[in-house]
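In terms of my numbering, the sequence shown opens at residue 13 and continues consecutively. No residue lacks a Cβ here, since even glycine has one placed at the ideal position from N, Cα and C. Written below as structure tokens is the structure these notes are about.
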Amino acid sequence: MWVLTTRAVNKQLLDILPENVSVLRIDPIDRLGRGFNINSPLDRWHLQIPIAE
């Protein structure tokens with residue numbers, strides 16, 4: 013299962029999630045809809061995919 017969040021993940025969140033959960037932080041580039049191509053909605057998001065240690 014994946015959890016998507018727009019905020020930094022803290023230890024308390026990780027402690028309450030099951031072990032088989034991966035967290036993906038999604039950082040919106042512009043919440044007001046400017047600065048990205050509206051025909052390509054994924055351009056609005058900058059994805060930070062965690063790398064397993």
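The beta strand (DSSP E) enclosing residue i, as first and last residue numbers
i          : result
leucine 16 : 14-17
For residue i, the first and last residue of its enclosing alpha helix (DSSP H)
i          : result
leucine 25 : 23-28
Beta-carbon proximity list for residue i, same chain, < 7 Å, skipping 5 on both sides
i             : result
asparagine 32 : Met13
Residues near residue i by beta carbon distance below 8 Å, same chain, minus five either side
i           : result
arginine 19 : Arg37
valine 21   : Val35, Arg37
leucine 29  : Val15, Val35
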